[in-house]
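Presented below is the structure to which this report refers.
Written out as structure tokens, the structure is:
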């Protein structure tokens, strides 16, 4: 019985393989599958076309959107060009670039206008913010702190102060506001020169201290480290543009050297200023006995000679 059933099954398989209708049905099924695949591929192509259209539309909108700020940036540059302070901002940016490789020189790192305006006797004004890193300890503050500086500490400070002059020259810069307050020191007496004053008036009227009091007078001291060569009569002619632009020159370098001499003297005089404004103007007029008596108080003979040489030049 088992053999007979197997023979019947095998005969059915042979008959079905020979049946032409069975072959046609298989062919029809395969063709239907191919058509379905083609339809699916066509549908996918249509979807891809739609996606590409959407992407192109999105790109167009994005391009239109990104092209709009270019007009605003143009307006901003036009506004900055018409701003009377734009030369000052360009100068501060130049100082920031030139001092990147000078470890003792700390420029202003951010400068931007205030969103609001103020009003004074000259009319509406827009303040500008000048921002640098925090250096809380100035030279006078350190001289007043304990423990007091000994002879070796003061020599170390003197060496670094004198080093500022060749650093400024190598960077093609002038400071024009060197004073004990703009000299900052760290806890281990590393000297940093901050608050560049190239944007301040280069020449000052000796008969009208208004500009000096506004830009250079410190609240905590009456000392004056501004070179006497910068105090002129009102009819004096303006200097060459290279000096006013903040670039190094012999005249401006001599003014900075005078200021450094005053700062060195204050280190050895325990914070006592070498000049106040009236004494500086008397010194400019040739009355130097008062200054010579103060310089004699410097205990180090070599430093005393350096200070006298830097100050007696008068920044001329």
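Numbering (the working numbering), first residue to last: 948 to 1263. Here a beta-carbon is modelled for each residue, glycine too, at the ideal position from N, C-alpha and C.
- When DSSP reads this structure, residue 1078 sits in a beta bridge with 1057.
- Following the DSSP letters along the chain, one finds residue 1236 inside the alpha helix (DSSP H) bounded by residues 1236 to 1242.
- Burial of residue 1101 is indicated by the presence of at least 16 other C-beta atoms within 10 angstroms of its C-beta.
- Apart from sequence neighbours up to five positions away, the residues of its chain that approach residue 1216 with a beta-carbon distance below 8 angstroms are 1241, 1244 and 1245, ordered along the chain.
- By the 16-neighbour rule on beta-carbons within 10 angstroms, residue 1068 is exposed.
- Our two residues, residue 1057 and residue 1196, have alpha carbons roughly 26 angstroms apart in a direct line.
- Here residue 1193 is not bridged, per DSSP, to any residue.
- Residue state for residue 1160 is assigned as helix, using DSSP reduced to three classes.
- The DSSP-derived three-state label of residue 1152 is strand.
- One Cα belongs to residue 1107, the other to residue 1032, and the distance between them is close to 33 angstroms.
- Sequence-distant partners of residue 1087 (beyond 5 residues in either direction) whose C-beta falls short of 8 angstroms from its own C-beta, in its chain, are 1127, 1128, 1167, 1168, 1213 and 1218.
- Annotation: the continuous alpha helix (DSSP H) that includes residue 1087 extends over 1086 to 1091.
- Look at residue 1068 here: in three-state DSSP terms it is coil, with no helix or strand label.
- For residue 1104, the uninterrupted alpha helix (DSSP H) run begins and ends at 1098 to 1117, by DSSP.
- Excluding sequence positions up to five before and after residue 1103, its CB lies within less than 8 angstroms of the CB of 1136, all in the same chain and listed in chain order.
- Within the model, the alpha-carbon separation for residue 1045 versus residue 1198 is close to 20 angstroms.
- Between the alpha carbons of residue 1105 and residue 1112 lies a distance of about 12 angstroms.
- Assigned with DSSP and collapsed to three states, residue 1224 falls in helix.
- The straight-line gap separating the alpha-carbon atoms of residue 1047 and residue 1118 is approximately 9 angstroms.
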